[in-house]
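Protein chains: 2
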Amino acid sequence: MTKRRVTIRDGAKKAGVSTATVSRVLNKSKKVHFRTRRLVENACEELGFYRDPIAAALRTGKSNTVHLLIERFDGSFIPDILVGIEGKADREGYRLLVSKLDTTQRGVWEPGNQYIDGIIVISDSVHNLNLGEVAGKDGLPLICVYSYSQDPRYPCVLPDDYHGAYLAVQHLAESGCEAVAFISGPSDWPASQDRLRGYKQAVKDFALRDDSNLIELGDWTMVSGYRACQRLLGKTTFDGLFAGNDPMASGAIDALREHRLDVPRDVAVVGFDDAAFCRYVRPTLSSIAMPLKEMGEVAMGTLISMIRNDGRLDHNEHVIKLPCVLRRRDSTKVTPEHPRAERRTGYVTSN
Amino acid sequence: MTKRRVTIRDGAKKAGVSTATVSRVLNKSKKVHFRTRRLVENACEELGFYRDPIAAALRTGKSNTVHLLIERFDGSFIPDILVGIEGKADREGYRLLVSKLDTTQRGVWEPGNQYIDGIIVISDSVHNLNLGEVAGKDGLPLICVYSYSQDPRYPCVLPDDYHGAYLAVQHLAESGCEAVAFISGPSDWPASQDRLRGYKQAVKDFALRDDSNLIELGDWTMVSGYRACQRLLGKTTFDGLFAGNDPMASGAIDALREHRLDVPRDVAVVGFDDAAFCRYVRPTLSSIAMPLKEMGEVAMGTLISMIRNDGRLDHNEHVIKLPCVLRRRDSTKVTPEHPRAERRTGYVTSN
DNA sequence: ATGATTAGTGGTATCGATTACATTTTGCGG
DNA sequence: CCGCAAAATGTAATCGATACCACTAATCAT
Numbered sequence: 003m004t005k006r007r008v009t010i011r012d013g014a015k016k017a018g019v020s021t022a023t024v025s026r027v028l029n030k031s032k033k034v035h036f037r038t039r040r041l042v043e044n045a046c047e048e049l050g051f052y053r054d055p056i057a058a059a060l061r062t063g064k065s066n067t068v069h070l071l072i073e074r075f076d077g078s079f080i081p082d083i084l085v086g087i088e089g090k091a092d093r094e095g096y097r098l099l100v101s102k103l104d105t106t107q108r109g110v111w112e113p114g115n116q117y118i119d120g121i122i123v124i125s126d127s128v129h130n131l132n133l134g135e136v137a138g139k140d141g142l143p144l145i146c147v148y149s150y151s152q153d154p155r156y157p158c159v160l161p162d163d164y165h166g167a168y169l170a171v172q173h174l175a176e177s178g179c180e181a182v183a184f185i186s187g188p189s190d191w192p193a194s195q196d197r198l199r200g201y202k203q204a205v206k207d208f209a210l211r212d213d214s215n216l217i218e219l220g221d222w223t224m225v226s227g228y229r230a231c232q233r234l235l236g237k238t239t240f241d242g243l244f245a246g247n248d249p250m251a252s253g254a255i256d257a258l259r260e261h262r263l264d265v266p267r268d269v270a271v272v273g274f275d276d277a278a279f280c281r282y283v284r285p286t287l288s289s290i291a292m293p294l295k296e297m298g299e300v301a302m303g304t305l306i307s308m309i310r311n312d313g314r315l316d317h318n319e320h321v322i323k324l325p326c327v328l329r330r331r332d333s334t335k336v337t338p339e340h341p342r343a344e345r346r347t348g349y350v351t352s353n
Numbered sequence: 003m004t005k006r007r008v009t010i011r012d013g014a015k016k017a018g019v020s021t022a023t024v025s026r027v028l029n030k031s032k033k034v035h036f037r038t039r040r041l042v043e044n045a046c047e048e049l050g051f052y053r054d055p056i057a058a059a060l061r062t063g064k065s066n067t068v069h070l071l072i073e074r075f076d077g078s079f080i081p082d083i084l085v086g087i088e089g090k091a092d093r094e095g096y097r098l099l100v101s102k103l104d105t106t107q108r109g110v111w112e113p114g115n116q117y118i119d120g121i122i123v124i125s126d127s128v129h130n131l132n133l134g135e136v137a138g139k140d141g142l143p144l145i146c147v148y149s150y151s152q153d154p155r156y157p158c159v160l161p162d163d164y165h166g167a168y169l170a171v172q173h174l175a176e177s178g179c180e181a182v183a184f185i186s187g188p189s190d191w192p193a194s195q196d197r198l199r200g201y202k203q204a205v206k207d208f209a210l211r212d213d214s215n216l217i218e219l220g221d222w223t224m225v226s227g228y229r230a231c232q233r234l235l236g237k238t239t240f241d242g243l244f245a246g247n248d249p250m251a252s253g254a255i256d257a258l259r260e261h262r263l264d265v266p267r268d269v270a271v272v273g274f275d276d277a278a279f280c281r282y283v284r285p286t287l288s289s290i291a292m293p294l295k296e297m298g299e300v301a302m303g304t305l306i307s308m309i310r311n312d313g314r315l316d317h318n319e320h321v322i323k324l325p326c327v328l329r330r331r332d333s334t335k336v337t338p339e340h341p342r343a344e345r346r347t348g349y350v351t352s353n
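As they're listed, the protein sequences go chains A and B.
Just so you know, we're using my numbering here: the first sequence kicks off at 3 and counts up by one.
Just so you know, we're using my numbering here: the second sequence kicks off at 3 and counts up by one.
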C-alpha cells in the first residue's frame with residue numbers, strides 16, 4: 003500500500019535518458035534512435051512501468067475515452083450494439099465510459115467534459131432529444147446509433163429499415179404469398195415510415211395485391227399486434243403477414259390462431275428485429291435481423307475518425323445505413339403439402 | 003476551439019478567494035464559512051466552472067471510477083444488472099468504465115490501473131477465473147456479480163438459487179402437482195447444485211413424490227431440455243416440471259407437446275431466469291426471476307463501501323445472496339376444469 | 001571547409017486541482 | 001481589552017506525463 007507508483011522518471015533514470023525521451027518512446031515518436039528506444043523499452047519492461055493515463059490526459063486534454071450514453075439498458079438491441087462498440091474501441095485503444103442518457107442529461111456530472119473525446123448515444127427516441135445539448139457547448143464529436151439525427155453535425159448509424167422491410171416482403175412473395183398484410187409501428191417513427199416504404203415497393207415489385215386494407219397500425223406491443231391482426235381479419239384476407247417488430251408478430255399469430263388459421267400453412271409471418279424469443283415461440287418466427295454488431299463497430303469507427311479530424315465528419319452523408327438480413331424460420335416454412343413457392347416460381351425478380 | 007477551460011483559479015479570482023478555498027467548497031469540506039461558500043458557489047455558477055476530474059484524479063489518486071468487466075455483453079441477464087449498477091453508481095457519484103473481461107485480461111491496457119478505484123466482474127463462469135489476477139497486484143477492491151467467488155477477499159453477489167428453486171417447486175405443489183420432475187443444469191455449476199438442493203428440500207417439505215427418476219440433466223440449451231424431457235417421459239410419469247432455466251423449459255414443453263401432453267393441464271411447468279421470451283411463448287411460461295437489478299445495486303454499494311474502507315470488506319460473509327421471485331404465468335395456471343390446487347389445499351406448509 | 005539542415009536528446013514549465021503547512025481572523029472567558 | 005484556542009483562509013509544492021524550446025552532433029550542399 004505504501005508502494006509508490008513507478009513513474010516516467012524512474013524509467014528515465016534506469017535507462018539513463020531524460021523523461022522527454024521516455025515519453026517519446028511511449029508515444030512512438032519517430033525521433034528516437036532505435037538503440038535508445040530499445041534501451042528505454044527494456045528499462046520500462048524491467049521496472050514494470052506503464053504511463054499513467056490520467057496524467058497524460060491532464061497534459062494533453064485527450065483521454066482516449068468515449069462516453070456511451072444509453073437510453074435504456076434493457077432495450078433488447080443494446081447488448082449486440084455494445085459488442086460491436088467495445089470490440090472496435092478495444093482495437094483502437096479507446097476506453098468506454100457508460101451512463102444512462104437521462105442521468106447524464108439532468109446534469110449530475112454533465113459538463114464533466116474534457117476527459118472524454120467523444121460521445122455515442124444509443125437511443126430509439128432521439129427525435130425528441132436535443133443532440134447539441136448532449137454534445138455540450140464545447141461541441142464534442144457525437145454520433146448516434148439506432149436513431150435518426152436531423153443535425154448533420156452529428157452522424158447516425160441505422161439499420162436500413164427500407165431494405166429490411168423489402169427483404170421481408172420479398173421472402174413472403176418467394177414463399178408463395180400473394181396478399182401480404184403489414185402491421186406497422188406508429189407512423190411518427192422514422193423506422194416505421196421506412197419500413198412502410200420498403201413494404202410498398204416490394205408489393206409493387208413482386209406484383210402482390212396492392213390494397214390499403216392490408217395495412218394496419220400497432221404501437222410495437224404484442225397486444226397491439228393482436229388487435230391489428232383482428233382488424234385485418236375482419237376486413238380482408240391475406241396469406242402473408244409482415245409485422246413491424248417481433249412482439250407485434252407474436253400478437254398477430256395469437257389472433258390468427260384464434261381464427262383457426264395455421265402459421266405458416268394459411269398465413270406466413272415475418273417479424274422484425276430478430277428478437278431472442280423468435281427461436282422459442284412456436285412456430286419459430288422468421289424475422290429481419292438488424293446488423294447490430296456492425297452498427298456498433300461502424301459508429302465507433304466513425305466517431306474515432308471524427309475525433310482525429312478535429313470533430314468534423316469527413317465524408318458527406320451523415321446518415322449511415324447498414325443492411326439487414328433475413329432469418330428464415332418455421333413461420334414462413336414452405337411445406338411439401340403446401341408448396342406455395344412453386345405457384346409463384348418465375349415471379350421472382352432480381353435483387 | 004481556442005477557448006481555454008475555466009479553471010479553479012478563475013473561480014477563485016472571481017470570488018476573491020484562494021484556490022484552496024474553492025477546492026474546499028468543491029469538496030464540501032466543513033471548514034468554510036457559509037458566506038464564503040455562497041460567494042464561491044455563485045462565482046462558479048456564473049463562470050460555469052466545474053472541477054476537472056482528471057486533474058483531481060491525478061492529484062488524489064482516486065478517480066471515482068469503477069471498472070466493469072463483462073464476460074459476455076449478450077448474456078440475457080446483463081442489461082438488468084447494469085441498470086442496478088448504473089443507478090447506484092450515479093447516485094453515489096461514480097463513473098463506470100466498461101470492457102470485456104477477456105479483452106482486459108489479455109492485457110491490452112491491463113495495468114492501466116491507478117485510475118480506477120474498484121472492479122466489478124460480471125460473469126457466469128468465474129470458477130475458472132483467477133480473480134486475484136484480475137484485481138492486479140495492487141489488489142484493487144473487486145466484487146463479482148452472478149458468479150461464485152471462492153476467495154473471501156473478493157465478495158460476490160448471487161441470486162439465491164436454493165430459495166428460487168424452492169419457490170418454483172412450492173408453486174407447483176400449491177398448484178396441485180404431486181410428482182414434480184426436475185431438469186437440472188450441468189452439475190458442476192454451483193447454481194445447479196443449489197437449485198437441486200432447493201428442489202429436493204421442497205419435494206420433502208411438500209410431500210411430493212421423492213424419486214430420483216424424476217431428475218434429469220441438461221446443458222442449459224433448449225434442445226437439451228427437449229431430450230431430458232424425452233428421457234423423463236420414457237421412464238416415469240409426472241404432473242409438474244421444473245427446469246433449471248427457461249430455454250430448457252421451452253424444449254421440455256416441445257417434448258411434452260409431442261407426447262400429446264397439455265401444458266398446464268397435464269403437466270405444469272416452471273422455468274428459471276424469467277427470460278424475456280417467457281411472455282411470448284404459448285403457453286406463457288411461469289418462471290423464477292432473479293433480482294438482477296438489486297444484485298447490481300448491492301454489488302455497486304458493497305464495492306463502494308470497500309473502496310471507502312481501504313479495500314476491505316467490513317462484514318464477514320463474502321457471499322451475498324438475494325432472493326428470487328416467482329412469476330406466475332399460464333404454464334402453471336389452474337383452470338376451473340382442472341383445479342389441481344384444490345386437491346392439495348391443506349398440504350401447503352408455511353413459508 | 002563553411003554554413004545550413006536535421007536527427008536526437010535534455011531541461012523544464014505546464015495541465016488543474018489538492019492539501020500540508022503557514023498565516024490570519026474570529027470568538028470568548030476573564 | 002488581553003490572550004489563546006479554534007476557525008477560516010492563503011501559499012505553494014505536488015501528482016506524472018507532455019511538449020516547447022534549446023542545444024549538440026551528424027549530414028549535406030556548394
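In this text, a Cβ means the ideal position worked out from N, Cα and C, and glycines have one as well.
Bear in mind the structure is a predicted one, so any value in this text is a computation, not a measurement.
If I follow the unbroken alpha helix (DSSP H) through residue i, where does it start and stop?
i: B:A257; result: 248-260
i: A:S226; result: 224-237
i: B:L84; result: 80-94
i: B:A291; result: Element bounds for B:A291: not the alpha helix (DSSP H) but the beta strand (DSSP E), 288-291.
Please report the straight-line C-alpha distance between residue i and residue j, rounded to a whole angstrom.
i: B:I121; j: B:L103; result: 11 angstroms
i: A:A291; j: A:N132; result: 29 angstroms
i: A:K16; j: A:R26; result: 16 angstroms
i: A:K64; j: A:D312; result: 12 angstroms
i: A:G13; j: A:V42; result: 7 angstroms
i: A:V300; j: A:P325; result: 12 angstroms
i: A:G220; j: A:D256; result: 15 angstroms
i: B:F208; j: B:Q172; result: 7 angstroms
i: A:F36; j: A:G95; result: 24 angstroms
i: A:R40; j: A:R6; result: 25 angstroms
i: A:T304; j: A:E47; result: 34 angstroms
i: A:T9; j: A:P55; result: 12 angstroms
i: A:S20; j: A:I309; result: 31 angstroms
i: A:T334; j: A:I87; result: 33 angstroms
i: B:D76; j: A:S289; result: 19 angstroms
i: A:L315; j: A:M302; result: 13 angstroms
i: B:L160; j: B:I145; result: 11 angstroms
i: A:S177; j: A:A170; result: 11 angstroms
i: A:R267; j: A:Q232; result: 18 angstroms
i: B:G2; j: B:I118; result: Because chain B spans 3 through 353 in this model, residue 2 of chain B falls outside it and cannot be assessed.
How close, in whole Å, do the beta carbons of residue i and residue j come, if the pair is a contact with beta carbons under 8 angstroms?
i: B:P285; j: B:D248; result: Not confirmed; about 13 angstroms, so no contact.
i: B:G227; j: B:S252; result: 7 angstroms
i: A:L60; j: B:A22; result: Not a contact, Cβ separation roughly 19 angstroms.
i: A:A230; j: A:A254; result: 7 angstroms
With residue i as the anchor, note down where its beta strand (DSSP E) starts and where it stops.
i: B:C146; result: 144-147
i: A:K323; result: 321-324
i: B:R329; result: 327-329
i: A:S101; result: 97-102
i: A:T67; result: 67-72
i: A:L219; result: 217-219
i: A:S186; result: 182-186
Could you check if residue i belongs to the surroundings of the ligand COA, using beta carbon to heavy atom distance under 6 angstroms?
i: B:R53; result: With respect to the ligand COA, the structure offers nothing, as it holds no ligand at all.
(message) Within 8 angstroms, do at least three Cβ pairs link the stretch 59-69 of chain A to the stretch 262-282 of chain A?
(response) Output reads no: the stretch 59-69 of chain A does not touch the stretch 262-282 of chain A.
(request) Spell out a yes or no on whether the stretch 233-244 of chain B and the stretch 255-273 of chain B are touching, meaning 3 or more CB-CB pairs, one atom from each, closer than 8 angstroms. (result) Contact holds: three or more Cβ-Cβ distances are below 8 angstroms.
(message) When you compare the stretch 315-325 of chain A with the stretch 148-161 of chain A, are there three or more beta-carbon pairs, one atom per stretch, that lie closer than 8 angstroms?
(response) The count of Cβ pairs closer than 8 angstroms, one atom from the stretch 315-325 of chain A and one from the stretch 148-161 of chain A, reaches three, so the stretches are in contact.
(request) Could you list the residues in the stretch 76-93 of chain A with a C-beta less than 7 angstroms from some C-beta on chain B, going in chain order? (result) Those would be D76, S78, I80, P81, D82, L84, V85, E88, D92, in chain order.
(request) Would you check if there are 3 or more beta carbon pairs closer than 8 angstroms linking the stretch 49-58 of chain A to the stretch 76-88 of chain A? (result) Under the 8 angstroms Cβ criterion, the stretch 49-58 of chain A does not count as touching the stretch 76-88 of chain A, having fewer than three qualifying pairs.
(request) Determine which residues of the stretch 154-179 of chain B have a Cβ less than 7 angstroms from any Cβ of chain A, and write them out in chain order. (result) Within the stretch 154-179 of chain B, no residue has a Cβ that lies closer than 7 angstroms to any Cβ of chain A.
(request) Could you say if the stretch 212-221 of chain B and the stretch 181-188 of chain B meet the contact criterion of at least three C-beta pairs nearer than 8 angstroms? (result) As far as the Cβ criterion goes, the stretch 212-221 of chain B touches the stretch 181-188 of chain B, which means the pair count is three or higher.
(request) With 8 angstroms as the C-beta to C-beta threshold (strictly closer), list the residues of the stretch 274-297 of chain A near chain B in chain order. (result) Taking 8 angstroms as the Cβ-Cβ cut-off, the stretch 274-297 of chain A approaches chain B at A277, A278, F279, R281, Y282, V283, R284, given in chain order.
(message) Along the stretch 37-65 of chain B, where does the CB come closer than 8 angstroms to a CB of chain A? Name the residues.
(response) For the stretch 37-65 of chain B, the residues whose beta carbon sits under 8 angstroms from a beta carbon of chain A are, in order, G50, Y52, D54, P55, I56, A57, A59, L60, S65.
(message) Along the stretch 214-241 of chain A, where does the CB come closer than 8 angstroms to a CB of chain B? Name the residues.
(response) The residues in question are M224.
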